[in-house]
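Undergrad:
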Amino acid sequence: MRVHVLHHGRCFDGAASAALFGAFMRARHGSQIELVHLPKHHRRGDPFQDTDFAGADEAAVVDFRYTQHPQLTWYFDHHRSAFQLPGDRAHFEAHPQHGLQRFHDPAAPSCTGYLAKIAGEQFGFDSSGCAELIRWAEIIDSAGFPSPEAAVLYQDPAMHLAAWIQTADDPQAIATFIEELIVTPLATLAQAEWVREIVEPRLIAHRQDIELIRRIGRTEAGVFSYDLLDEDPRILSHFIPYYLAPGAHYSLGVYAHPDGDLRLSVGFNPWFERGLRTHDLAQLCERHGGGGHPFVAGASFDLDQVDQLRAAQADILATLRDPAIS
């Protein structure tokens, strides 16, 4: 039996969700099933291809946008912007076809935790052996860190693994990483040589990013903003602004990504009371082709769409800035 697991690429919750779903499938169908892990990345239009599903006996999408593809058999997600194409939500809400299982809860802190809950309650799956992985997926994806320092200084092994999945490009290494998340303690996996050889340069670049954003970032009317479009492509920790400007309500940054596109990232300071958030950030980004969660969201642009990115940046900054905040 061949099972395709399409998951949010470069994302710890996406990798953890894929790992947990694989364990769930093996509990249902036996250890001999073939799991094929396929990272997916957000872009305008339909990010799915027929090849994502070709040859699969079952196919799942976890921690990523919905698809109406007829070969989809499982769906688990917690993003508010899961349904972006015409007909997506109606298709999701329609009576399930035989064997089709679809689950979505935008209030869930992480897809991994949500998957564990549903698989346990509805299918009797015991995820207790994955408690550490689930706990860290919840912390990382919901920004449930005790302080900005805990989010930015990368002192815990789980944060090193998050740095690894943000950076890794080799599909086979990513598939191995996902499989190891289930069978290897996180602290042990973080010390593996093949993990360290990617994480250590990533942490050096991360420390350089902190200093770069410290120099160029500006806080105005409660919004910390930074513009790295003139810099080389990079993978960023979006918690850096709150480490540098803990009094900012929101952050908004633009930069080039190594995947070959331009990114806009916007967030609400997770160390503020949630009731202080005055805007749904997913909605703000949806009007520019992006999406995410009410508290953190983003949008991607092609390299020749700088003008569109600048317009989105200006629009969202103007919306978020509060003249009552000095």
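Take 1353 as the starting number for the sequence shown in the working numbering and just add one per residue.
Cβ atoms here follow ideal geometry from the backbone N, Cα and C, with glycine treated the same way.
#1: Measuring alpha carbon to alpha carbon, tell me which of 1588, 1639 and 1534 ends up nearest residue 1367.
#2: Would you kindly work out how many angstroms separate the C-alpha atoms of residue 1477 and residue 1469, rounded to a whole number?
#3: Using C-beta distances below 8 Å, list every residue in its chain close to residue 1564, excluding the 5 sequence neighbours before and after it, in chain order.
#4: Starting from the C-beta of residue 1418, find all residues in its chain whose C-beta is less than 6 Å away, skip the five residues before and the five after it, and write them out in chain order.
#5: What residue from 1600, 1552, 1649 and 1624 has the CA that sits closest to residue 1632's CA?
#6: Assign residue 1397 to buried or exposed, taking buried as 16 or more other Cβ atoms, counted over all protein chains shown, within 10 Å of its Cβ.
#7: Quick check: the Cα distance between residue 1620 and residue 1671, rounded to an integer number of angstroms?
#8: Quick one: residues in its chain with C-beta nearer than 7 Å to the C-beta of residue 1378, no 5 flanking neighbours on either side, listed in chain order?
#9: Note the first and the last residue of the continuous alpha helix (DSSP H) segment covering residue 1566.
#10: Classify residue 1381: buried if its beta carbon has 16 or more other beta carbons within 10 angstroms, exposed otherwise.
#11: Ends of the alpha helix (DSSP H) at residue 1512?
#12: For the candidate residues 1600, 1602, 1425 and 1374, whose alpha-carbon lies nearest to that of residue 1479?
#13: Residues bridged to residue 1427 by DSSP?
#14: Roughly how many whole angstroms lie between the Cα atoms of residue 1599 and residue 1394?
#15: Write down the C-beta distance between residue 1654 and residue 1613 rounded to the nearest angstrom, noting that I regard them as a contact closer than 8 Å.
#16: Between the Cα of residue 1651 and those of 1660, 1637, 1662 and 1658, spot the shortest distance and give me the residue it belongs to.
#17: Whose C-beta lies closer than 6 Å to the C-beta of residue 1497 among residues of the same chain, with five residues either side of it excluded?
#18: Between the segment 1505 to 1520 and the segment 1452 to 1464, do three or more beta carbon pairs fall short of 8 Å?
#19: Any chance you could list the alpha helix (DSSP H) runs of at least 4 consecutive residues sitting entirely within the segment 1473 to 1498, in chain order?
#20: Let me know if residue 1465 comes out buried or exposed under the rule of 16 or more other beta-carbons within 10 Å of its beta-carbon.
#21: By the 10 Å Cβ neighbour count, where 16 or more other Cβ atoms means buried, how is residue 1383 classified, buried or exposed?
#22: Looking at the structure shown, is residue 1387 part of a helix, part of a strand, or coil, going by DSSP?
#23: Looking only at C-alpha atoms, which of 1596, 1675, 1657 and 1486 sits nearest to residue 1371?
#24: Please classify residue 1500: is it buried, with 16 or more other beta-carbons within 10 angstroms of its beta-carbon, or exposed?
TA: Taking the coordinates as given:
#1: For the purposes of this step, residue 1367 is taken as residue 15 along the sequence shown, with counting starting at 1. Of the candidates 1588, 1639 and 1534, the one whose C-alpha sits nearest the C-alpha of residue 1367 is 1534.
#2: Walking along the sequence shown from the start, residue 1477 turns up at place 125. Walking along the sequence shown from the start, residue 1469 turns up at place 117. If I take the Cα positions, the gap works out to 9 Å.
#3: Here the question's residue 1564 lines up with position 212 in the sequence shown. Excluding positions up to five away in sequence, the list reads 1580 and 1583.
#4: To locate residue 1418, count along the sequence shown from 1; it is residue 66. Excluding sequence neighbours, residue 1418 sits near 1434, 1435, 1440 and 1444.
#5: One-based indexing of the sequence shown puts residue 1632 at position 280. Looking at the Cα atoms, 1649 is the closest of the given residues.
#6: Numbered from its first residue, the sequence shown carries residue 1397 at position 45. Exposed, since its Cβ has fewer than 16 Cβ neighbours within 10 Å.
#7: In the sequence shown, residue 1620 corresponds to position 268, counting from 1. In the sequence shown, residue 1671 corresponds to position 319, counting from 1. Approximately 13 Å between the Cα atoms of the pair.
#8: Indexing the sequence shown from 1 puts residue 1378 at position 26. So the qualifying residues of the chain are 1385.
#9: Translated into the one-based positions of the sequence shown, residue 1566 becomes position 214. Run containing residue 1566: 1545 to 1568, per the alpha helix (DSSP H) assignment.
#10: In the sequence shown, the residue the question calls residue 1381 occupies position 29. Counting Cβ neighbours within 10 Å, residue 1381 comes out exposed, since fewer than 16 surround it.
#11: Here residue 1512 refers to the residue found at position 160 of the sequence shown. That run of the alpha helix (DSSP H) goes 1509 to 1519.
#12: Indexing the sequence shown from 1 puts residue 1479 at position 127. Answer by Cα proximity: 1374.
#13: Along the sequence shown, one-based indexing puts residue 1427 at 75. Per DSSP, 1413 and 1454.
#14: Within the sequence shown, the letter at position 247 stands for residue 1599. Within the sequence shown, the letter at position 42 stands for residue 1394. Using only the alpha carbons, I get a separation of about 30 Å.
#15: As a first step, residue 1654 is located in the sequence shown; it is residue number 302 there, counting from the start. As a first step, residue 1613 is located in the sequence shown; it is residue number 261 there, counting from the start. That pair is a contact at about 6 Å.
#16: Indexing the sequence shown from 1 puts residue 1651 at position 299. Among 1660, 1637, 1662 and 1658, the Cα nearest to that of residue 1651 belongs to 1637.
#17: Indexing the sequence shown from 1 puts residue 1497 at position 145. Excluding residues within five positions, the ones whose Cβ falls inside 6 Å are 1503.
#18: no
#19: 1483 to 1493
#20: For the purposes of this step, residue 1465 is taken as the residue at position 113 of the sequence shown. Result: buried.
#21: Locating residue 1383 in the sequence shown gives position 31, counting from the first residue. Looking at its Cβ environment, which holds fewer than 16 other Cβ atoms inside 10 Å, residue 1383 is exposed.
#22: Against the sequence shown, residue 1387 aligns to sequence position 35. Of the three classes helix, strand and coil, the one that applies to residue 1387 here is strand, per DSSP.
#23: Position 19 of the sequence shown, counted from the start, is the residue given in the question as residue 1371. It is 1486.
#24: For this step, residue 1500 is matched to residue 148 along the sequence shown. It is buried - the Cβ of residue 1500 has at least 16 other Cβ atoms within 10 Å.
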